[in-house]
Every structure is written in C-alpha cells, then in structure tokens.
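Student: Read left to right, the sequence shown gives residues 2 to 354 (this note's numbering). In this text, a Cβ means the ideal position worked out from N, Cα and C, and glycines have one as well. These figures come from a predicted structure and were not determined experimentally.
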Amino acid sequence: MVTMAKAFLLDLSLEELAAELRAWGEPAYRARQVWEWVWRHLCLDFGAMTNLSLPLREALAERFRLALPPVLAREQDEEGTEKVLLGLEDGTSVEAVLIPEEDRRTVCISTQVGCPVGCAFCATGQMGFVRNLTAGEIAAQVLHFARILREKGERVSHVVVMGMGEPLLNHEATLKALRNLNDPRGFALGARRITLSTVGVVPGILRLAQEGRQFNLAISLHAPDEKLRRKLVPMSARWPLSEVLRAADAYALATGRRVTYEYVLLSGVNDGLVHARALAKLLRGRLAHVNLIPFNPAPGLPFERPSAGQIELFRRELLAQGIDVTVRRSRGIRIQAACGQLRSRHLHGVPRA
Ligand code: SF4
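#1: At 4 residues or longer, and completely inside the region 211 to 289: list those alpha helix (DSSP H) runs for me, N to C.
#2: In whole angstroms, what separates the C-alpha of residue 164 from that of residue 121?
#3: Write down the C-beta distance between residue 146 and residue 114 rounded to the nearest angstrom, noting that I regard them as a contact closer than 8 Å.
#4: Between 18, 166, 190, which has its C-alpha nearest residue 143's C-alpha?
#5: Do three or more CB pairs link the region 47 to 55 to the region 73 to 85 at distances below 8 Å?
#6: Using the Cα positions of residue 8 and residue 63, report the straight-line distance between them to the nearest angstrom.
#7: Can you tell me which residues form a DSSP beta bridge with residue 72?
#8: For the pair the region 30 to 42 and the region 181 to 190, tell me if three or more CB-CB distances fall below 8 Å.
#9: In the DSSP output, which residue or residues are listed as bridge partners for residue 113?
#10: Roughly how many angstroms lie between the CA atoms of residue 26 and residue 255, to the nearest whole one?
#11: Compute the Euclidean distance between the alpha carbons of residue 366 and residue 312, then round it to the nearest angstrom.
#12: Would the region 156 to 171 and the region 94 to 101 be scored as touching if the rule is three or more Cβ pairs under 8 Å?
#13: Which one or two residues does DSSP pair with residue 171 in a beta bridge?
#14: Could you name the residues of the same chain whose beta carbon sits closer than 6 Å to that of residue 333, not counting the 5 residues immediately before and after it, in chain order?
#15: Roughly how many whole angstroms lie between the Cα atoms of residue 13 and residue 32?
#16: What does DSSP give as the partner residue(s) for residue 292 in the beta ladder?
#17: Can you name the residues that DSSP bridges to residue 54?
#18: For my contact list, residue 138 and residue 89 are in at a C-beta cut-off of 8 Å; report their separation, rounded to the angstrom.
#19: Is the beta carbon of residue 241 sitting closer than 9 Å to the one on residue 227?
#20: Is the beta carbon of residue 211 sitting closer than 9 Å to the one on residue 193?
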C-alpha cells in the first residue's frame, strides 16, 4: 500500500486550509480556529486543539504534519545572538538567527538552501545552490524562535529576510511565508517590521511593489559601479545597476517606504573615498538610506575588515555628500560573512574560527 506523505501545515495559507476543511464538510470557521491555534497560540499538537472535535483532530493529524524542523546545531554569542541550524525533511539544513537588542527581538531567516548568487564575501555564496525552501520551511524559522521567546514572555518583534539565499529568486514561497506571518488573524507581525533583502532581482522588486504591503526593502549594493559589483556579487550581472535603482525607486514610490542600500565594507576593495563619492552620486536625490556593514573576516574568504578609522572616513564622506548613513554593529543583522558557516561546520566538521 502506498501511503501519502503528510503535507506541512505551515505551507498553507488560511484560504487553502479553509478549502481543504470545506472539502471535508467542515464549517467555514473551523479553518480559522486551526489557524489561530497554530499561528497565534503557536500550538504544534493537533491533540491539544481542544475546541475541535476529536475526529477532526485525528483527521488533521493524519493529513498534516506540524512539527518544526529540529535543531541540528546551535551557537550563541556573549550578547545573546543565537544561531541555529535547522534540519529539513530531505536531509538538507538552513540557518536562522535570533538577534536580541534592547527593545527588539529580530529573527533573521533563510529562503534557500545554499544560494545561487555567489557573493565573493559570503560563505553561503561559496556553497552553491541546493534548493528553494517552501513557505512553511521559511515561516517555521520564525515560529521556532517565537516559541522559545514566549517562554520568557517575549515576542518576535522584527523579521529580516537576510539569511541564506536570495528571497526574490524564491518569490512565491517567500511572499507566502511573509503574508502568513503578517496575517492579523494569526501571527500578526506588522509589514513594517519585516525587511526583505535582495541583491537586486529587478522583476522581483517590481512584483513586490505591487504586493500592496509596506515591507521594508533592502538592496545589497556593495559596490558603486558595475564592474566591481559584478566581481563581488556575480549574479548582479543579470540586472544593470541603473535598472536596480529604477526598480527600487518604483518600490519607494508604491509603498512610501525608504529603501535601504546595504554596503559591505571590504578593506582595500570598496572602502575608499572614491567609492564613497561614487556611491553618494548614485543615491543622491533618492528616498534612500545606506547601511554600512564592516566585513567580518571568515576562514576561506579572501577579504579583510577595514580599520575603524577607514570605516569612519567612509561614513563621514557619505554624510558630507548628503546621504543618510548608519554603520551596522558587527553582531547585527546579516552577519554576512558568518552566514552559512554553521552549516559548513556541521556538514564538513570544519573547526570554529
Ligand atoms: S550574501 Fe546573500 S545573496 Fe550573496 S551569496 Fe550570500 S546568501 Fe546569497
């Protein structure tokens, strides 16, 4: 006898769940009840959904799985940033990170196993691409930390889509996961608390602009000119800088949200005053903000972190040119060079740096 594999409940939207339950002859409000158990109360046990009949709970357990991916490896730094490697059904794995700050509990999530973009300064980029995550696998990373935080009476306050993978090359699943997290009937995380970071997939940015939600958009620029950008972000060759900026402008116009431009500072590569001036020229007059990310050195990656003085010179030059700029703390969101390292170590037994 062939047994059908159970579907992952987190892969469904509320409307899809409602259609499924309707086909079982259940009244319309049932799906909403299940949705609230899962997305609001973070309940992962059908048996505990006490306002549902026993036969329905059994039918749900037969048709769906709800367990979150197990933790294969875990690291925590002295400031409380916690990175986990989550094991997926097919034996692959992805990283997710919780970054606790004073008034924020930010979760950084992955959208692909590996990444096809191949950024020269990123451990994940050196791994190559394995596969897209499903919507449920993406959202599960948030629910994992949400359940842990709940034990301390805390909540996930922000989500950044800045982990492994290029989210706009896995557009459908990523957007479905974000819509589910944003849904006020369940997890209810405000769109303005969600940031999606892309290397500049132009068609994806334009589609996102039509989504009608105020997600924050971050563009990983990393270089102020085409030639250098292609070296650092090989896949960027597909979308010329001018088109990326035009798409970002369209996003800012459609949403009224300021676009963030991320710029990883690599010593002697893109951190000169000449680069700062070229970057300022590119962004002048745009609804933009630059986030400088001093590189975190990592084994196997041929780059150095600029000195504190050089970082400050770069920042001041942008300010002097009228560009709004911040420097990300090294522990902060998108620990780019560190992204993918936990997985590498787990797979290859590579010792810690
Ligand atoms: S930095 Fe992001 S886009 Fe670039 S290779 Fe790494 S995961 Fe992919």
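Tutor: Walking through what the data contain:
#1: Listed in chain order, the alpha helix (DSSP H) runs fully inside the region 211 to 289 are 227 to 233, 242 to 256, 274 to 284, counting runs of at least 4 residues.
#2: 16 Å
#3: Contact doesn't hold; Cβ gap of about 19 Å is too wide.
#4: Ranking the options by Cα distance to residue 143, first place goes to 190.
#5: no
#6: 10 Å
#7: 87
#8: The region 30 to 42 vs the region 181 to 190: in contact.
#9: 133
#10: Distance between the alpha carbons of residue 26 and residue 255: 41 Å.
#11: Lying before the first or after the last residue shown, residue 366 is absent from the chain, which here runs from 2 to 354.
#12: With three or more CB-CB distances shorter than 8 Å, the region 156 to 171 counts as touching the region 94 to 101.
#13: DSSP output for residue 171 lists no bridge partner at all.
#14: Since pLDDT at residue 333 reaches only 45, below the 50 mark, its modelled position is unreliable, and the value read off the structure follows with that caveat. Nothing meets the Cβ criterion.
#15: 11 Å
#16: 263, 327
#17: Answer is none; residue 54 lacks a bridge partner.
#18: Indeed, because the Cβ distance is near 6 Å, the residues count as touching under 8 Å.
#19: yes
#20: no
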